[in-house]
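Under our numbering, the first residue of the sequence shown carries the number 11, and numbering increases by one thereafter.
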Amino acid sequence: MQAIIYGQVPSKSNGYKIGNNRLYKSKQLLQYEESFRLQTLTIRETINVEFGINIIVYFQSNRSDLDNAAKVILDCLQSCGIIANDRLCVRLVMIKKIDKLNPRIELFLYEDSE
């Protein structure tokens, strides 16, 4: 499966706030998750076996961390039902690029039986 998801991936480490002794998702993270969900509505398949994923992340600037983006992307894929569980990921290849005007992710998801 291939997809392009538009928008700046928020940092997982900055995506949560603490208040009233609870952990809350930041507004930025909630907005990204909703945008991700809306952009993947047409994807009807669910991968429920071990899989690999290749991701090119286009950030607006060089300040963002690639490792934080991985968790956000995998969590979004799981919450949208595209993958059954992110622990089934056995191969992860990520590339960081900069596109100030068009931040996005380009991903290729595949079953990995190795």
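Idealized CB from N, CA, C, for every residue including glycine.
The beta strand (DSSP E) enclosing residue i, as first and last residue numbers
| i | result |
| --- | --- |
| Ala13 | Gln12 to Tyr16 |
Local conformation of residue i per DSSP, three classes
| i | result |
| --- | --- |
| Val110 | Note that residue 110 is Lys in the sequence shown, not Val. Here Lys110 sits in coil by DSSP. |
| Val59 | coil |
| Ile83 | helix |
| Glu124 | coil |
| Arg73 | coil |
| Arg101 | strand |
| Asn78 | helix |
Anticipated Cβ contact below 8 Å, residue i with residue j, distance rounded
| i | j | result |
| --- | --- | --- |
| Ser59 | Leu117 | In the sequence on display, residue 59 carries Val and not Ser. Contact doesn't hold; Cβ gap of about 17 Å is too wide. |
| Phe46 | Leu119 | No, Phe46 and Leu119 are not in contact; Cβ-Cβ is about 14 Å, not under 8 Å. |
| Leu84 | Asp96 | 4 Å |
C-alpha distance - residue i paired with residue j, whole-angstrom precision
| i | j | result |
| --- | --- | --- |
| Asp109 | Ile92 | 26 Å |
| Leu111 | Gln70 | 7 Å |
| Gln38 | Ala79 | 13 Å |
| Ser36 | Glu124 | 37 Å |
| Val67 | Gln88 | 18 Å |
| Cys90 | Arg101 | 20 Å |
| Glu43 | Asp122 | 26 Å |
| Leu51 | Ala13 | 11 Å |
The alpha helix (DSSP H) enclosing residue i, as first and last residue numbers
| i | result |
| --- | --- |
| Leu48 | Lys37 to Gln49 |
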